[in-house]
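Numbering-wise (the working numbering), the sequence shown opens with residue 141 and increments by one.
To start, the structure under review is shown below, and the notes come after it.
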Amino acid sequence: MGTDFALEHHKGKRSERYRHFLSSLLSAFAQAFLLSHTLFLIVAGHSINFDPLKKLSTRHYAFIIPPVILLTALIVFARHKQLRIANRLTYHSWLLYGCVLATLTTQASVVLGIILVSIALALYSRHNEIAYLPFYVYLIVMFTASLLRNGNELPAFFIGLPNFPIINKETITSLLIFLPIMIMMLGWRELNRPEKTLKSSYEKIPLSAYRVLLTVSLLIHVVWAGWFLISRIRTFAASTYDMGIFTQMYHYMSRTGLPLTTLERDTLLSHFKIHISPILYVLLPIFKVFPSAITIQCSQAVLTASGFIPVYLLAKHYGLDIRARLVWTSLYLLLPGMIFSSFYDFHENVFLAPVLLFLLYFIAKGSTAGTAVFTLLTLMIKEDAFLYVAAVALFLLFGAKDKKMTTFKQEKAVPLAMIMLGFGAVWFGTALGYLTNHGMGPMTSRFNNLISSPNVGLLSVIPTVFLNFTLFVETLFVKSKMGYILTVLTSLGFFPLLNRKFHRLFLWIPFIVINLMSNYEYQYRIDFQYNYGSHALLFALAILTYADCVEAFSSKRSVARQGAQHLNKPPAIRRVVINVSTSRRRRTKFKRTVISSLLLLAFIASLTQTTMMLKTRTKRVKLVAQNVAPPFAETVELLDRIPRDSIVVADGLVTVHLADIEELYDAMYYNWEKERPIPDYVVLRRAAIYNYQHFDMMILSGFREVEDMSSDWLLVMRRDD
């Protein structure tokens, strides 16, 4: 028995030494990496990193790889010799790189991004020393200088990206609302200073008020946003991409069981040749009962709203009281990314938010079956959903000892995470192979901005990031993305930046890769469908961070209570104890005020940004309904007269309402020169007929207006026999 214990103890110590060496090696590599890129910026300059035709030059290979290897070895040696120069070098090397880049870049948004990362790293490293202050002041000065710089022009590499503002007006408004409220709350607290309690203001509000808050948030999410989605159908604002495609696909699935469509690529093919998404069958039973595009739109609002269930359960598991649970659940329902991701109509990504949140919940509860089921469901959403599974698996693998995020024992959590990674990688590889060989190919072109070797494809992004880190950083923080980043961070109260645990950093991966690394505009728009998964993971990270803060406050309460036990001690000891206890109490109050303020900011920012955007969209759709859109019932009645067994070419804003036709094509993408049967009907909007370059050909081919099927808005043409 004693021998077995000694053997286990020896194995544990050896494993601990191995982990320490690996951690030390990785941090040394990170330090060497940042220092090498700092040196490269100083020697080679800024512009060499932004060649539109060549992401990597010979100098990148020559001046990055050798210094990284050499500096890594020197830092490891310095640590072995316990030289002070190696202490805390990671943060200093980042600040050095950030200051050099801030000096050279022409983009104020990049300097702002560097400031945000620097603050997050300072909090993460727990070394909030006054020595860092000059660096922050310098970065802020450079940010101001960049804002005032004439033109603030983008490097040629980024020319063509949309000119979005650095800070959106909705974000500015939310901050302007937050500041006076915060000032009033602090003033009220100062006038009614609670000397003997750490009880916060939100605990004094009746519980019923929080339940009302949750109900209102749910109504905003489902009713208001759902009404807008339905209005898009009723005003003929929903187009082929993507509403028409999915509506036709569900009609095909209802009839044949297969996800077929003719709209997606101007020919009959399975949607699974574009994206592999078996989870779409989940909605098929509902669609069979209510076969309408409105059913699909309403499903989106319900699906995203259903995420409030795992959010509440996660908040409970993380130790939050019922008031905090209701606040965070309400906050989830108000997140701009969760509501507005649906506003370009239906997409399979809508499943990501609730499925990922349930996956995190079952990991937290230590349920193997639940983890397995929701891992599989995540992978079934889309081929690139492996990235989300990988982020969660790494989160579990490196955080197996974090009992707040999982109740799995380490010996079970580690192999489970490895299985998730392995199975997900096999699924992803198989999906890419199928799409390459039998489908339309994976959509890797959206990362062309970082692909340095087209022959290698997506894998060449790795050497690009390693050798041209400056291009990567400026890609993340380019002006057109900064407004999006601030919208996300303010709506989460900046809590993801306050994280202090390494394994939780993996939850950032999908946000960085999916939303920020590509220059494809729609991937970093708050009103498009690439936000669901990444925002769900950041939201979970925000709750975890908040829960850590609450736990820390609770432990400091107990310390304060223990201090009171020394009141009967001698006066000298009592004074020391009281002074220490008072100092700790003040620091705790200050920190609690900061955390409460950030939660208030998150709620105000989410509510303000969401309601402002919703109000704008609602106003716009009402104007369309009043001035542009045709009478819905009359127009649908005309469209219903078209025989469903016909071959139809239709305007992109009409295809949604003709989606039960098997051979339906979008007029904008229809190839008239392709050998196939001539269409029976052409359905266009009168106001848009001259947008179609083949309109004259339609007339020459014998298509004539069918008057009893047409209207002032709608033009239906049939070919003369």
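Each residue gets a CB set at the ideal place from its N, CA and C atoms; glycine is no exception.
Quantities reported herein were computed from a predicted structural model and do not represent experimental measurements.
Start and end residues, beta strand (DSSP E) containing residue i
i	result
residue 857	854 to 859
residue 830	Looking at the DSSP string, residue 830 is not in any beta strand (DSSP E), and its letter there is neither H nor E.
residue 774	Residue 774 -> not in any beta strand (DSSP E); alpha helix (DSSP H) instead, spanning 772 to 779.
residue 787	787 to 790
residue 823	821 to 825
residue 805	803 to 806
Residue i and residue j closer than 8 Å at C-beta
i	j	result
residue 431	residue 296	no
residue 849	residue 782	yes
residue 376	residue 769	yes
residue 761	residue 439	no
residue 499	residue 469	no
residue 239	residue 179	no
residue 640	residue 263	yes
residue 418	residue 583	no
residue 415	residue 293	no
residue 215	residue 176	no
residue 189	residue 610	yes
residue 446	residue 494	yes
residue 250	residue 606	no
residue 200	residue 608	yes
residue 855	residue 829	yes
residue 673	residue 650	yes
residue 343	residue 753	no
residue 497	residue 676	yes
residue 740	residue 322	yes
residue 535	residue 644	yes
residue 550	residue 540	yes
residue 615	residue 588	no
residue 433	residue 512	no
residue 258	residue 235	yes
Residue from the options whose Cα sits closest to the Cα of residue i
i	options	result
residue 253	166, 318, 282	282
residue 316	167, 854, 456, 748	748
residue 231	169, 543, 209, 285	169
residue 460	272, 177, 682, 220	682
residue 427	817, 834, 386, 575	386
residue 325	736, 564, 197, 622	736
residue 809	403, 214, 554, 503	403
residue 284	611, 196, 242, 852	242
residue 559	671, 401, 530	530
residue 816	777, 406, 797	406
residue 780	259, 791, 797, 765	797
residue 471	587, 211, 678	678
residue 585	564, 551, 657, 570	657
residue 408	167, 388, 443	388
Exposed unless 16 or more other CB atoms sit within 10 angstroms - verdict on residue i
i	result
residue 489	buried
residue 480	buried
residue 665	buried
residue 580	exposed
residue 397	exposed
residue 857	buried
residue 843	buried
residue 811	exposed
residue 525	buried
residue 825	buried
residue 601	buried
residue 578	exposed
residue 220	exposed
residue 473	buried
residue 336	Low per-residue confidence applies at residue 336: pLDDT is 44, beneath 50, and the placement is therefore not dependable enough to give any value.
residue 604	buried
residue 130	Because the chain in this structure spans residues 141 to 861, residue 130 falls outside the shown range and cannot be described.
residue 286	buried
residue 807	buried
Limits of the alpha helix (DSSP H) - the one that residue i falls within
i	result
residue 843	Taken as a continuous stretch (DSSP letters only), residue 843 belongs to no alpha helix (DSSP H), being part of the beta strand (DSSP E) at 843 to 845.
residue 551	550 to 577
residue 836	835 to 840
Closer than 8 Å to chain C by CB, residue i
i	result
residue 829	In the displayed structure, chain C is absent; only one protein chain is listed.
Contact test: residue i Cβ vs the ligand SAH heavy atom, cutoff 7 Å
i	result
residue 442	The ligand SAH is not part of this structure, which contains no ligands at all.
Could you name each continuous alpha helix (DSSP H) segment of 4 residues or more that falls completely within the stretch 352 to 437, going from the start of the chain to the end?
-> List check, alpha helix (DSSP H) in window: 365 to 374, 385 to 396, 424 to 429.
Taking only runs of the beta strand (DSSP E) that begin and end inside the stretch 587 to 615, which ones reach a length of at least 3 residues, in chain order?
-> The DSSP assignment places no complete run of the beta strand (DSSP E) inside the stretch 587 to 615 (cut-off: 3 residues).
Residue ranges of each alpha helix (DSSP H) within the stretch 447 to 471, 4 or longer = Listed in chain order, the complete alpha helix (DSSP H) runs (minimum 4 residues) inside the stretch 447 to 471 are 448 to 457.
Whole alpha helix (DSSP H) runs in the stretch 223 to 265 with 4 or more residues, listed along the chain?
-> Taken in chain order, the complete alpha helix (DSSP H) segments of 4 residues or longer contained in the stretch 223 to 265 are 229 to 244, 248 to 265.
Continuous alpha helix (DSSP H) assignments of at least 4 residues falling wholly in the stretch 279 to 332 | Taking only runs of at least 4 residues, the alpha helix (DSSP H) segments lying wholly in the stretch 279 to 332 are 309 to 331.
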